[in-house]
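J.: The following block contains the structure, expressed as structure tokens.
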Amino acid sequence: MLHTLFLLISLLAQEGSTPPQPPQAAERPAALPDLTVPGRGRAGMDVRHYRLEMAIDPTRRFVEATATLELELLEDQEALELDFHHMFEVIATRVDGRLLEAQQVPHLLRIPGKRPFPAGRSIELEVIYRGLFPQDESQGDVVGMLHDGRSVVAYLEPDGAHHFFPCNDHPSDKASYELIIDVPEGQLAAGIGELVEEGPSPRPGYHRAIWRTDIPTASYLVALGVGPWVRIERTGASVPIWDYCEEEDRERIEKALSSVPAMMTFFEARFGPYPFEKYGHMLTRKWIGGMEDQTLSVLGRTEALSGDQALLAHELAHQWFGNLVSPYQWRDLWLNEGWATWAELLWFEERDPQQAAQLLEGWRRSTFRLAMREHPHTLAAPDPASLFDGLLVYDKGGMVIHLLDEYLGRERFLKAARHYLAQHARGNARTLDFRTALEQSTGEDLEPFFAAWVEANTLPAIDWELSSIEQVDGPAGQSGPPLWKVQISARQEGAFHPMSLALELQGASEDERERVPLRFVRPQITSSVTVRFRPTGAQLDPEKRAPWVPAEPSED
Ligand SMILES: [Zn+2]
6 MLHTLFLLIS LLAQEGSTPP QPPQAAERPA ALPDLTVPGR GRAGMDVRHY
56 RLEMAIDPTR RFVEATATLE LELLEDQEAL ELDFHHMFEV IATRVDGRLL
106 EAQQVPHLLR IPGKRPFPAG RSIELEVIYR GLFPQDESQG DVVGMLHDGR
156 SVVAYLEPDG AHHFFPCNDH PSDKASYELI IDVPEGQLAA GIGELVEEGP
206 SPRPGYHRAI WRTDIPTASY LVALGVGPWV RIERTGASVP IWDYCEEEDR
256 ERIEKALSSV PAMMTFFEAR FGPYPFEKYG HMLTRKWIGG MEDQTLSVLG
306 RTEALSGDQA LLAHELAHQW FGNLVSPYQW RDLWLNEGWA TWAELLWFEE
356 RDPQQAAQLL EGWRRSTFRL AMREHPHTLA APDPASLFDG LLVYDKGGMV
406 IHLLDEYLGR ERFLKAARHY LAQHARGNAR TLDFRTALEQ STGEDLEPFF
456 AAWVEANTLP AIDWELSSIE QVDGPAGQSG PPLWKVQISA RQEGAFHPMS
506 LALELQGASE DERERVPLRF VRPQITSSVT VRFRPTGAQL DPEKRAPWVP
556 AEPSED
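As structure tokens, then:
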């Protein structure tokens with residue numbers, strides 16, 4: 006079995022040995038068109054602000070809305086075009102206060118001008134519309150305002166924002182938001198950013214909440230939920246933490262999500278200050294895991310009630326990785342999911358080592374499978390037909406962040422991660438931007454690492470030996486137990502995979518154990534160490550923390 010495995014891996018390794026050179030960081034290509042989620046996003050405009058005034062009846066999933074967009078045109082336009090679901094009924098559109106006729110085509114709202122709209126022009130565009138929130142699929146999942154019969158919650162990734170409001174539905178065009186939400190008495194509206202106002206609505210029988218954020222936000226991250234909810238207000242973190250659930254779940258949710266303030270403090274110590282106005286969760290009875298809406302994650306009710314720590318850590322970590330720094334294009338999704346998945350390990354490694362080991366084993370298995378199957382898609386170029394590929398984008402993504410952590414060392418790695426976050430805060434990043442930030446912070450050339458682990462699905466084949474063991478004298482003038490100097494030689498065959506692995510030297514008795522880090526900065530390395538026992542054996546990567554295969558024994 007191992008032999009077959011090695012042959013396959015070895016063939017794959019050779020195939021991946023000449024990775025394409027990525028472009029230099031300076032020459033950022035245009036974010037649009039985005040071929041991973043084609044059709045969405047308008048290259049010719051920059052939306053600065055969305056004001057969404059909505060009356061929502063969650064039991065009917067019906068909305069009456071006025072969306073006001075402040076935008077700037079980046080190119081001359083025959084017509085203003087926005088991503089917008091064609092099932093909504095458009096009642097009126099105004100450009101700078103003047104009524105203009107709009108056309109609706111699938112997933113698009115088109116407003117032709119009497120003359121072309123010139124580049125550089127700032128426009129206030131108002132769209133009055135109503136209808137049922139559409140429940141269309143994208144990437145195999147219903148996206149939009151997810152409806153469970155009692156509540157609606159924004160579940161918009163990757164391109165469901167235009168099932169909610171007319172927008173430039175691409176993460177590269179971030180904007181500020183104001184949500185003025187009227188809901189029937191007895192319902193609560195929970196939204197993005199800060200709660201500015203809560204009280205009676207001018208609409209009889211309705212209640213109004215105004216939510217606002219000035220922090221640039223990607224359209225797929227806009228948080229809004231309406232349901233027959235109560236609010237649980239938590240303290241103990243650097244920002245308020247508000248959870249929304251039904252009264253019958255209140256006590257259980259209070260307990261199940263009680264670790265979140267401590268979790269936030271834990272991540273802040275590693276990733277930097279929590280980047281938004283508040284945090285919290287809202288629940289849906291739909292069968293979903295979670296979705297990291299900015300400042301207010303969505304959780305499936307069942308998962309929330311079980312207090313799933315991995316899920317809570319994952320969605321919270323996304324507030325830094327995904328929300329503060331968002332994908333430049335959808336092919337960069339692994340930067341969101343790899344980091345959020347790795348954050349689960351970070352949370353568990355000291356609290357629950359067994360759980361941490363299980364996570365790592367799962368990622369390792371997935372990384373092996375991708376290599377075995379000659380999976381044609383890589384983290385750098387995921388499959389547009391299966392963007393949220395669990396094996397690749399989540400498991401291998403988490404594994405690659407873990408391998409970087411081990412390769413660079415925890416302290417250096419987290420410092421570099423904070424540099425990356427600071428450099429792209431409130432903006433967007435590509436894989437190359439991530440690599441460049443790590444290189445700037447650490448001074449390392451990480452091109453070989455990214456070529457091996459991000460742009461290919463190969464695994465390293467590793468051969469190693471204790472090339473010499475000799476007894477040596479202790480420091481002059483000191484008597485004591487004898488010392489042994491051990492030399493370790495290790496080499497990788499096929500494509501080079503930069504990585505760090507631990508080698509455990511073992512002596513005759515149980516307490517004679519010594520860990521030696523092997524850092525593959527080149528395919529062939531030697532390392533020497535002096536230990537207080539005579540090594541009788543050794544094991545490479547005893548806890549199976551990395552994906553690799555034993556190379557065939559060398560001839561010499
Ligand atoms: Zn995620």
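Numbering of the sequence shown is given in the working numbering, commencing with residue 6 and proceeding in unit increments. For each residue, glycine too, the CB sits at the ideal point set by N, CA and C. Please read all numbers here as calculations on a predicted model, not as lab measurements.
Ligand 1 and E32: does the residue's C-beta get closer than 7 Å to at least one heavy atom of that ligand?
T.: Not so, every heavy atom of ligand 1 lies at least 7 Å from the Cβ.
J.: Could you tell me the distance, in whole angstroms, from the CA atom of M404 to the CA atom of T372?
T.: Their Cα atoms are separated by approximately 8 Å.
J.: Let's see if you can read the secondary structure: which residues bound the alpha helix (DSSP H) around Y425?
T.: It spans R415 to H429 - the alpha helix (DSSP H) in which Y425 sits, taken as one unbroken run.
J.: Could you give the distance in angstroms between the alpha-carbon of L443 and the alpha-carbon of H424?
T.: The alpha-carbon atoms of L443 and H424 are separated by roughly 8 Å.
J.: Are A361 and L350 closer than 8 Å when you measure CB to CB?
T.: It is a contact, given that the beta carbons lie within the stated cut-off.
J.: For H119, count neighbouring Cβ atoms within 10 angstroms of its own Cβ and tell me buried if that reaches 16, exposed if not.
T.: Per the sequence presented here, residue 119 reads as Lys, with His not at that position. Exposed, because fewer than 16 other Cβ atoms sit within 10 Å of the Cβ of K119.
J.: Extract the residue ranges of the alpha helix (DSSP H) inside the stretch 249 to 332, only unbroken runs of 4 or more that lie entirely within it.
T.: Listed in chain order, they are 255 to 261, 265 to 276, 306 to 310 and 314 to 323.
J.: From the DSSP secondary-structure annotation, give me the bridge partner or partners of W352.
T.: For W352, which the question treats as bridged, DSSP gives no partner whatsoever.
J.: Once the 5 residues before and after F393 are set aside, which same chain residues still bring their CB inside 7 Å of it?
T.: The residues are Q144.
J.: Drop a sphere of 10 angstroms on the beta-carbon of E106, count the other beta-carbons inside from all chains shown, and report buried for 16 or more, exposed for fewer.
T.: E106 should be labelled exposed.
J.: Just how far apart, CA to CA, sit V235 and R65?
T.: Distance between the alpha carbons of V235 and R65: 20 Å.
J.: Take P43 as the anchor and find which of G102, E251, W335 and S264 has the nearest alpha-carbon.
T.: It is W335 whose Cα lies nearest to the Cα of P43.
J.: Just to confirm, are E77 and H54 a CB contact at a threshold of 8 Å?
T.: No. Outside cutoff.
J.: With distances taken from CA atoms, which of Y160, P387 and T541 is nearest K291?
T.: K291 has its Cα closest to that of Y160, out of Y160, P387 and T541.
J.: What's the C-alpha gap between E628 and R45?
T.: Outside the displayed span of the chain (6 to 561) sits residue 628, for which this structure offers no information.
J.: So what's R550 in DSSP terms, helix, strand or just coil?
T.: Looking at R550 - three-state DSSP - the assignment turns out to be coil, as it is neither helix nor strand.
J.: Following the continuous beta strand (DSSP E) through Q359, name the residue where it begins and the one where it ends.
T.: Run containing Q359: none in the beta strand (DSSP E); it sits in the alpha helix (DSSP H), P358 to M377.
J.: Which same chain residues end up closer than 6 Å to P555 when comparing Cβ atoms and leaving out the 5 residues on each side of it in sequence?
T.: None.
J.: If you draw a straight line from the C-alpha of L397 to the C-alpha of A124, how long is it?
T.: C-alpha separation (whole angstroms): 41 Å.
J.: Is E548 near ligand 1, in the sense that its beta carbon is under 7 Å from a heavy atom of that ligand?
T.: No, Cβ of E548 sits at least 7 Å from all heavy atoms of ligand 1.
J.: At a cut-off of 7 Å, is N341 close to ligand 1 when judged by its beta-carbon and the heavy atoms of the ligand?
T.: True, at least one ligand heavy atom lies under 7 Å from that Cβ.
J.: Could you spell out where the beta strand (DSSP E) holding E83 opens and where it closes?
T.: Its beta strand (DSSP E) spans residues Q82 to D88.
J.: Can you tell me the Cβ-Cβ gap for V132 and Q109, rounded? I've got them flagged as a contact below 8 Å.
T.: Wrong, their Cβ atoms sit about 11 Å apart, outside the cutoff.
J.: Please report the residue range of the beta strand (DSSP E) in which V108 lies.
T.: It is Gln, not Val, that sits at residue 108 in the sequence shown. Residues Q108 to V110.
J.: Between which two residues does the alpha helix (DSSP H) harbouring L437 extend?
T.: Run containing L437: T436 to T447, per the alpha helix (DSSP H) assignment.
J.: Within the present structure, is the beta-carbon of E297 separated from the nearest heavy atom of ligand 1 by less than 7 Å?
T.: Result yes, Cβ under 7 Å from ligand 1.
J.: Can you tell me the Cα-Cα spacing of L545 and D254, whole angstroms?
T.: Using only the alpha carbons, I get a separation of about 49 Å.
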